[in-house]
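Just so you know, we're using the numbering used here here: the sequence shown kicks off at 433 and counts up by one.
Beta carbons are placed, not taken as given, at the ideal position from N, Cα and C, and that holds for glycine.
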Amino acid sequence: MMLWRSVVGKLWATILLLVSVVLLVLTVLLLQYFERFHSEQAEEQLLNHASLIASLLEDEHTDEAAIAMSRKIAETYSTRAVIVMDEEEYWYSSDNTRGELPVDLFYEDPRLSQVMENQEVVVQRGDYELNLRNGDHQELLIVGLPVNHSAQTGAVYMYMPLDIVNEASVQTKQIILLSAAVAIILTTVFAFFLTTRITAPLRKMRRASLEVAKGNFNTKIPIRSNDEIGLLSMAFNRMARALNTNLDMLNREKEQLSRILSSMADGVITLDRRGEMSIMNPPAEAFVKAWTYENNHESEIFVLPEEIKHLFKQVTEKGQEQMVEVDVQGRSWVILMTPLYDQENIRGAVAVLRDMTDERTHDKLRKDFIANVSHELRTPISMLQGYSEAIIDDVAGSEEEKKELAQIIYDESLRMGRLVNELLDLARMEAGHISLNLERVNTREFSERVVRKFSGIAKEHDVLIVEDIEATVNSLLMDPDRIEQVLTNLIDNAIRHTPENGQVTLCVTNVEGGVKMDVIDTGSGIPEEDLPFVFERFYKADKARTRGRSGTGLGLAIVKNIVHAHKGRVSVHSKLKEGTTFTVFLPDGKE
């Protein structure tokens, strides 16, 4: 069944059918031709023999020769001859007349009798009864010629069985049919061979096309001819190379686009005309996951946020870019969506998502910074102004009162000076202009000196200060004044935020690559929501914890910048009402 569907079967069947039709027509024509040919040959032969005998009979001295000739011809060519001169005078070509035509037939048959009556040549076919006892009939071909012999009118009749003619026709037919059968067999073999030669390259092209469909573009078809099939093979190879080149270019462009999208800090979401997500890079995926979690969608399939759906609807309706800002999981996102056009129609949209949390935080910190500076400066300025007016207006009657007011003015001016100096130091540090005087310092002696410095303050606040310094602590390459400033800020904060009978511990230990310093207190702790912001400028988790020694809110910010300048790290861990631990890691400074 597959053979008839293939090109080989179709070509083979077409050639075989065409040749068979031609051979059939040719066979029919040849059979008809040879049938007539044998019949005409038999008639011509009988006429020639009859003419020869008749010419001998017309000569008065050759009667016996004519009869002998008729017998010789009858024996040689399987024919019979009857010479009839009148009803009483006739001769047969055989001495045995059994199996011969009766002489009466030539007088009684209207057609045969015309030879003697009208002196005309007669050729006749028919079924005649021979002189046989069983009365058999036989198909005969009879030829009659008139004879004029000694003033008598007679005739020579030559006849032969049509079986002889039919036998020759049958043999010819067999030869023709055998030749046709051989021709059909040879045609079949030739057609199959020809179609196989033609379709073999086509089958190779089919296999090659399947390989190309699988993505194997390096498949090549051998070119073994310069005909149309060879040109087709050449065109196929060029097509495969072109497809391979174009696919490589598309893959490179796709990979480049994928890398660009993956490396973008902004999220990108591409929507089709139905509003479904088709492309999404990692930042956009993080945004969608956060939105899905916040809105309690438990499905693992990404759900397009409602804000983006609404924005997509506006973009498709207005045909212009739209922007919206949303808050997801405590982070601020700005979504800018632009329509994508397919010639004149909108075929989708692309949304760019930018995380504006840091910008919004910086804006808030900038505003808070201005407010905090204004707040920190307003109080001492008001006090300076008020006490100065009191001195000018002689409100203080005694010298002691004046000195007391002057002392307050002096303290507030010092406080303003510290605030301004800390602001300047912090600005220089954040701008990268901090200068470090590095030297190799004995860490144990340095830490003990810092703890001793705070022993008096700790006693004033009824706080126990403890040192836990490893005996073999490594020396550090550092700026001792800056690191002392770091520990001073941390220990001072710990003492101020630790209640009476509490404890502050400085723990110094060796760690891989440097030294770790922990300032541990048993104070009130820091709320969990305030922990990420304790190193920001002017940030105070609880201003009520200052216990009368109000800080500027810049100490921890300075600590972070000094530690980072030493290529170290600072972190904080705290539990409310249980205490706080500030950890500073400083590298040993070895090359």
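Range of the contiguous alpha helix (DSSP H) that encloses residue i
i           : result
residue 633 : 594 to 645
Residue span of the beta strand (DSSP E) that contains residue i, given as start and end
i            : result
residue 535  : That residue, residue 535, is in no beta strand (DSSP E); it is neither H nor E in DSSP.
residue 556  : 554 to 561
residue 542  : Counting along the chain, residue 542 falls outside any beta strand (DSSP E), though it belongs to the alpha helix (DSSP H) covering 542 to 550.
residue 966  : Residue 966 -> no beta strand (DSSP E), and no H or E assigned at all.
residue 778  : 777 to 787
residue 1018 : 1011 to 1019
residue 517  : Here residue 517 belongs to no beta strand (DSSP E), and DSSP marks it neither H nor E.
residue 757  : 754 to 760
residue 871  : 871 to 873
For residue i, the three-state DSSP class (helix, strand or coil)
i            : result
residue 454  : helix
residue 998  : coil
residue 648  : coil
residue 948  : strand
residue 771  : strand
residue 580  : strand
residue 490  : coil
residue 443  : helix
residue 956  : coil
residue 511  : coil
residue 814  : helix
residue 673  : helix
residue 464  : helix
residue 662  : helix
residue 656  : coil
residue 987  : helix
residue 849  : helix
residue 764  : strand
residue 572  : strand
residue 678  : helix
residue 867  : coil
residue 980  : Residue confidence is low: residue 980 scores 39 on pLDDT, short of 50, so the model does not pin down where it sits. Its coordinate-derived value is still stated next. Residue 980: coil per DSSP, three-state reduction.
residue 1007 : strand
Pair within 7 Å by beta-carbon distance, residue i and residue j
i           : j           : result
residue 940 : residue 897 : no
residue 951 : residue 994 : no
residue 957 : residue 988 : no
residue 653 : residue 641 : no
residue 612 : residue 455 : yes
residue 597 : residue 481 : no
residue 744 : residue 679 : no
residue 875 : residue 953 : no
residue 837 : residue 822 : yes
residue 996 : residue 955 : no
residue 562 : residue 592 : no
residue 763 : residue 772 : no
residue 936 : residue 926 : yes
residue 782 : residue 770 : yes
residue 575 : residue 547 : no
Residue i classed as buried or exposed, judged by whether at least 16 other C-beta atoms fall within 10 angstroms
i           : result
residue 713 : buried
residue 584 : exposed
residue 796 : exposed
residue 578 : buried
residue 737 : buried
residue 675 : exposed
residue 914 : buried
residue 449 : exposed
residue 725 : exposed
residue 825 : exposed
residue 842 : exposed
residue 498 : buried
residue 648 : exposed
residue 689 : exposed
Closer than 6 Å: residue i CB and nearest the ligand SAM heavy atom
i           : result
residue 899 : This structure does not include the ligand SAM; it has no bound ligands of any sort.
Going along the chain, which unbroken runs of the alpha helix (DSSP H) with 4 or more residues stay wholly within the region 687 to 748? 714 to 726
Scan the region 878 to 939 and note each continuous alpha helix (DSSP H) run of 4 residues or more that stays entirely inside, going in chain order. 887 to 892 and 912 to 928
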